[in-house]
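Chains as they are written, first to last, in the working numbering: chain A, 54 to 500; chain B, 54 to 500; chain C, 54 to 500; chain D, 54 to 500.
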């Protein structure tokens, strides 16, 4: 029995799980063999009939992943036993043409690209689902004012719309980056024993190109068996995606704190013994999945120094972290999508939290406003004095401000109230929300 | 279907694979529940009969890891659905005492420690098997001279015995470190809802101590639900073990190069199309497994900043990297054991490689020897001159040395030949080999 | 000009900064040369006078780190140009004995151990200073009740004393681990050209032992030039220390949130334009420093696979991350010490936050209490019903509980009030605090 | 004194060192302040004269990095003390407009982008210099045959030209990726206290756009203070670049081995006591620099989850790894450029190494050739038999082949000799070299 299912509910959410599972890998390797056969036929190296016979044997259901996996121990990779099993299954003369001209790494590398390509569909779908949910929040909560917090201290007001627009931009950028890697950089690998494709005579490049076409992957300049930019760029883009998911998830868990209570997850995990708890399970799980990425990316980058024409370990070292990284990122995206789609917003709580400091949050604005009349220094000092007095004065900051000699008489109580209104001090928030939404609505990246 | 079996032949070698698999985790969680029940009975909180009834239901075979795993999505961890299933299975009044006073994290954390404790048995067994094989090589090849290589350039002679002694010391140190972590730091976790064990009244500490005894784990000062030194120290020790495995594996792959050909693996992976190849599959696989560690250790260290009384994601983030790290390290150790146990040594090839530089490797020695008579500078210059001339002179370095005016007449040809003998310039190699062997033979660490 | 000073105020706090600076490294390398000379004299290989002459030239002030550093480019390490400069400075016959029998790596590795040994003094001092501050908080706030929070949701009550005791145990464990590595694992390195010490004849082991004594470092079984367990174990211990610092820092930043306001740093960073802000600068800086560790540890672990008798890059790859890791950890510890030593605690705010849920936090306790009389299920249901009604009922949870048919008449209002008192539901908190304090007071680890 | 200069000769090669040094950072921060002032003037918020006055004070030479750095401790970042010092230096009314509307993070983030932008010039220059050198090798050694090696075992022949073409493609891809990040993703940051630019009224977006123009950076959709995709993508591209450098460096160190001796570095590090050594110092140093990347990338990715509107530590955690990563990558590129530009190739040694297996390397080809006539299985068996006999037969593999009944008479000795010629079995090597060269010659990326 293999591992990890016990944690799959949390760490392998969504369709990405099956997309990187054993069957998916097995089918991808078989698809590569079938494409190689068809491409070889197109290139005139084998007959169409043989290619068809080979293709017909390339269904994952015919093979046992666990058995192939176990046999991989003697050759050092799963392609060797799979080719053996496939050859056995193929009848007649076609058997002699299975895997012709290719090497094990060609199969595993091309399959890795296929697995990634296919896994990116649900992954991007969930990432974009999360982005859509963020866009909806940005649109609906354009006017929902809450405290902007820096270093976890309330600073000046922002809107939930702007906050969600920030998540949105991050998600859209990460999705665009992943889509670009998928469309331009996931390439077929075919190099033969040492990257010359010598066994294919002068048809090497032609077979490679045709195989790429068959598989819907890019046709690389050179076999990239030891040029590991492709897995590295994929890893970087996945790592970036996890980072933006983690940011949004962190914000949600912080806003969902009992003492803050500005949001809750629709399907919050309850606790039978602690009925008041509304655990933001989706955000927490998203964070946990996303936290896998930095280490996995590091492993893939550290494995790039492949020796000569095939690495003595670094190639083998890529298989698991690449699989894990796809699954973790896909799972993180799926959790965040759930989290944001079902997010319950408590605008009143946001407003109430804004009032904790009784207007102190608006000090910057008052200062700026007064600076025109009083000069920056004097204005600043008056506001600072009022801020200090505010805790001892009935009426808080507003009253304390009114009592400052520099302000008294200069600014009416009415104007002061206006200046102390958080909703009036949002700068370019709306401009930014509009930009984020427009970019989202007109983007090209699609799963 | 879950993932990874396709690569298990390479990346999950040996008994460690099952030791960290789903069944192992499931049984560990159930063992924790059973121990909690027994400890509660000992503490007088529940009856012995109820504890027995609960214990009787704690067999992994009764539960379905995949189903438990799937249900984990709603609560955010697999302990919650397992407790539900266990409670359902337990009959009568005992059902009311299942999991009493504990929280999900208590079960998963304690189970993680149990899984680690159990997985360390095969892991240490293989690590020490590799060490034994290194010790045998150190003993048998005490006099097998080969080129010491620095920066991949031949430097001065060493012996294979000394080289193997270096592997041995690294392996023994790593094993000792892991055994110490296992024996002193793998502790039971029991804290209840927030680390106070409030639901156990004043019996909390007593139950925790008894549970530790039951499970063969340490009894911690405090519940360590948010003090993550234990997983961190385990991770560090596993990472170190992978490092020493990687070093030995790297040496083997380098010595096995076609152009060096000093060693070969007994069961080297052949290639039907390339009959001359003797792929050092075990060393390569060991390297690939070991390469997983740095990133996984980083993930575990980065997850240490748990929020308040239970982390909002960092705890969940530990499960998979801890499991992976145990498996990868165990697998790396198992591969290295195979590699070293079956290593074929070609002493003649070692000797032949030593002669590539026709004595230049002994330049340091000649220099040192002459320094006594000539002074360091003059000696050095004479040797350097001879080294330069050696490529153009019949008889190589020896002849060139003999022709230097400072040497001619001073040192007999016989003495020169003696000085040029690599076997005579091994310094403390034997002393070091003896030390390493003695330390290995008298060590305490045992799987 | 070199880099990094601009960020030193935040990222290189305390005495550790100078302890790992260029002068410290330079002096350590020179101390190694001096110790080698003295040890060689003791072993009878050179005269005492020559050793003294060499030692007299080994003051860092005589050498220019930047110049030595620049010259390192041609040889690939700074020991080679330093030895050259040292030899030049040493007069007479002694010049011929500078660095005798040693290789550059011997100097740099031994110096690295010395630098680490010396840097661990301020580092451990600050770590233990932070622990002392945590111990004081644990002692003084034994009875200061606040909400225990799991997944950032209020769960059941804990005390600040217990929370601080958790920080304390983590800090003490990390310090003990570091002290053990320092005392047992930081060893001299002396191997000569390829680890045999051939140039020292049969005196190699003796010189190594004497050198270790001179430098106050351990005498290793073997030269460890390619056995990198020592830097790895040091790295692991430093990474663990950063993790426990990060945990405490995270708690402080969360408790210091404007909406929580339970603690503030004494010297909180103010903002002139936002007078209400009390930025927990020390906690934030501690977190930033600690965040450097996982990646640096990974780099050091990934560099363990040294080739043959001297690595082709992996050795050089250790210098900077080891230095950075010492500095970051020391700096993290210094910041946390400042943070905890000056922490202002607002017990009233803690109490007020506890009341946010109007007693719901005590649901677990009521449930447990009722279970005795009603049976677990019925008790649970009654409490859950009351919890749901509590928001719509005058008098909150207490009133709602009193209205449940299962409870009415069974439990007096007085008893209910007692059961709802958080201070009465703290389980083993005091026991755990005592344990942590006792362990701290009797520990041996000292800077 | 700050740290690291002692290792700069190895780890901070080339112009990138100064490009990321303290002065560079300081000037970048001041450039940001100057640009903000000019942009504010353009937007009509301050007078042109004031902007000019501010700009005139923005020379790094006026400020002391160490002092600014030390003062950063109290505010938690170096922008605050710099703004203070700048304001002090600016005379008259302009002083009141220094840093207007901005926050410290705006300055540090924008400066980070500027530093990166500027550092990428020498970095890309060296990366492309290395690529040019690889292109030259690919062109000149198109016909230089050597053993292709997989898993460090000789496999089938390749050419040095193809090998170099592989390095070339990797370097070109990495450079293109970095250039794209530089041109499209390095953006100005301006958000004010919490990302709304409230203090700039309705001119926020306009000031940001103008500032971007002034600094030659991109104008982002939104302030990206908590959307860390930009540093993450930069990190990923730098990490990828290090990976391709490491690959080429590894190949060089392996080919430079004493036993392989196919290449040597022009300025190989000699050893006075070991005159035969030609240490590939440049390749080794390149590898050491590149090895820093994975951990640093992981640190930057792990720091992406910024809390709310400014992170409580994760932002501060980016400064040093970003600086280190730029320096390490630039240094790695500079070393590889030196290594490849001066690489001495020994074609005769390559040919001699090819002959070690006495033709066995051509087994695949013979097999393929015979398969047409004999059928694949029979052909394979005959070749395998010959391979086995080859070690016991005078004349080696060629003779053994001739003696096989299936071959004898079917293939002439002449044809056999032709088939055994490595230069005739290079498949698409030339096609691939041409592709790589064409792509390199027509690429757009330029430093």
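Heads up, the beta-carbon is just placed ideally off N, CA and C, and yes, glycines get one too.
Determine the direct distance from the alpha carbon of residue j to that of residue i, and round the result to whole angstroms.
i	j	result
residue 260 (chain C)	residue 307 (chain D)	34 angstroms
residue 167 (chain C)	residue 81 (chain C)	6 angstroms
residue 181 (chain C)	residue 387 (chain C)	10 angstroms
residue 228 (chain B)	residue 177 (chain B)	6 angstroms
residue 400 (chain A)	residue 353 (chain C)	48 angstroms
residue 235 (chain B)	residue 85 (chain B)	17 angstroms
residue 104 (chain C)	residue 157 (chain C)	19 angstroms
residue 497 (chain A)	residue 226 (chain A)	11 angstroms
residue 139 (chain B)	residue 110 (chain B)	7 angstroms
When we look at the beta-carbon of residue i and count the other beta-carbons within 10 Å, is it buried (16 or more) or exposed?
i	result
residue 279 (chain C)	buried
residue 159 (chain C)	buried
residue 444 (chain C)	exposed
residue 430 (chain D)	exposed
residue 5 (chain B)	Limits of chain B in this structure are 54 at one end and 500 at the other, which puts residue 5 (chain B) out of reach.
By the criterion of Cβ-Cβ separation under 9 angstroms, what are the contact partners of residue i in chain B?
i	result
residue 310 (chain D)	202, 205, 206, 207, 307, 310, 312, 313
Could you name the residues of chain A that residue i contacts, counting a contact when the two beta carbons are closer than 7 angstroms?
i	result
residue 304 (chain B)	Ordered by position in chain A, no residue passes the 7 angstroms Cβ test against residue 304 (chain B), which lies about 12 angstroms from the chain.
residue 81 (chain B)	In chain order: nothing, as chain A lies at least about 10 angstroms away.
Give me the DSSP bridge partner(s) of residue i.
i	result
residue 199 (chain A)	A:211
residue 317 (chain A)	A:397
residue 363 (chain D)	A:203
residue 240 (chain D)	D:271
Mind pulling the chain B residues with CB within less than 8 angstroms of residue i?
i	result
residue 410 (chain D)	311, 329
Can you list the residues of chain C that residue i reaches, using a CB-CB cut of under 8 angstroms?
i	result
residue 421 (chain B)	252
residue 400 (chain A)	None at all; the shortest Cβ gap to chain C is about 16 angstroms.
Find the residues of chain D that neighbour residue i, judging by a C-beta separation of less than 8 angstroms, and give them in chain order.
i	result
residue 132 (chain B)	Result: empty, since nearest Cβ-Cβ is about 26 angstroms, beyond 8 angstroms.
residue 175 (chain C)	Residues of chain D passing the Cβ test: none, with the nearest at roughly 15 angstroms.
At a CB-CB cut-off below 9 angstroms, which residues of chain C make contact with residue i?
i	result
residue 383 (chain D)	The premise fails here: residue 383 (chain D) is roughly 12 angstroms from chain C at the closest Cβ pair, so nothing lies under 9 angstroms.
Between the segment 274-285 of chain A and chain D, which residues of the former have CB atoms less than 7 angstroms from a CB of the latter, in chain order? Taking 7 angstroms as the Cβ-Cβ cut-off against chain D, the residues of the segment 274-285 of chain A that qualify are 274, 275, 279, 280, 281, 282, 285.
Please list, in chain order, the residues of the segment 188-206 of chain B that have any C-beta partner in chain D closer than 9 angstroms. Cβ contacts with chain D come from 200, 202, 203, 204, 205, 206.
Residues, ordered as in the chain, of the segment 327-348 of chain B that lie near chain C by beta-carbon distance below 9 angstroms: If the cut-off is 9 angstroms between Cβ atoms, the segment 327-348 of chain B has 340, 343, 344, 346, 347, 348 near chain C.
Of all the residues that make up the segment 465-493 of chain C, which are near chain A by a beta-carbon distance shorter than 7 angstroms? Residues of the segment 465-493 of chain C whose Cβ lies closer than 7 angstroms to any Cβ of chain A: none.
Chain-ordered residues of the segment 350-365 of chain A with a beta carbon less than 9 angstroms from chain D: Across the segment 350-365 of chain A, CB contacts with chain D closer than 9 angstroms involve 350, 351, 352, 353, 354, 355, 356, 357, 358, 359, 360, 361, 362, 363, 364, 365, in sequence order along the chain.
Taking a Cβ distance cut-off of 7 angstroms, strictly less, list which residues of the segment 97-117 of chain D are near chain C, in chain order. Of all residues in the segment 97-117 of chain D, none has a C-beta nearer than 7 angstroms to a C-beta of chain C.
Which residues, in order along the segment 138-164 of chain B, keep a beta-carbon less than 7 angstroms from a beta-carbon of chain C? Taking 7 angstroms as the Cβ-Cβ cut-off against chain C, the residues of the segment 138-164 of chain B that qualify are 149.
Contact list for the segment 432-464 of chain A against chain C, Cβ threshold 9 angstroms: Listed in sequence order: 433, 436, 437, 439, 440, 441, 443, 450.
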